[in-house]
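Right, one structure below, let's go through it.
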Amino acid sequence: NAVIYWLLPRVAGEPLMRLIRMSEHGGCPTVSNIWRNTRTVRTWPPIRWLAWNMAYHAEHHALAAVPFHALPRLHALVGDRFEHVEQGYWRAQRSLIRNGWRNSHA
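Here the sequence shown stands for residues 142 to 247, where the numbers follow my numbering.
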């Protein structure tokens, strides 16, 4: 049962999760300024729901005490202050490729 319920989903889902994790910090400068070193990705509601709103990754790092369900409201308040906000994961990946994966530490 461990193979079916843990190992199989882990192996099957890892490529997608790797793309998501690279989008969170990859290509952002390795500086202490939270407004510059993390990326938010605006994506579909089902994806945000499945990932507990972690697409609002910059907001999550800026104010970690904010619960996951309040991250969309936080984004509405401060989202325009972040340097890296992408419209979807595909655009985030294209941006990483275009910029040569600079400073990627995902």
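Even glycine gets a Cβ: it sits at the ideal position worked out from N, Cα and C.
| What residues in its chain sit with their C-beta under 7 Å from that of Ala-247, if we drop five residues either side in the sequence? | Legend: pLDDT at Ala-247 = 44, less than 50; position of this residue unreliable, value from coordinates given subsequently. So the list reads Arg-162, Met-163, Glu-165, His-166 and Gly-167, once near-sequence residues are dropped.
| request: Check whether the region 173-186 touches the region 221-233, taking contact to mean three or more Cβ pairs, one atom from each stretch, closer than 8 Å. | output: yes
| request: With Glu-227 as the anchor, note down where its beta strand (DSSP E) starts and where it stops. | output: 225-228
| request: Quick one: which unbroken alpha helix (DSSP H) runs of 4-plus residues sit fully inside the region 166-238? Chain order, please. | output: 186-191, 198-203 and 212-219
| said: Please report the straight-line C-alpha distance between Pro-170 and Arg-177, rounded to a whole angstrom. | reply: 7 Å
| task | Quick one: using the 10 Å Cβ neighbour count with 16 as the cut-off for buried, is Ala-143 buried or exposed? | result | exposed
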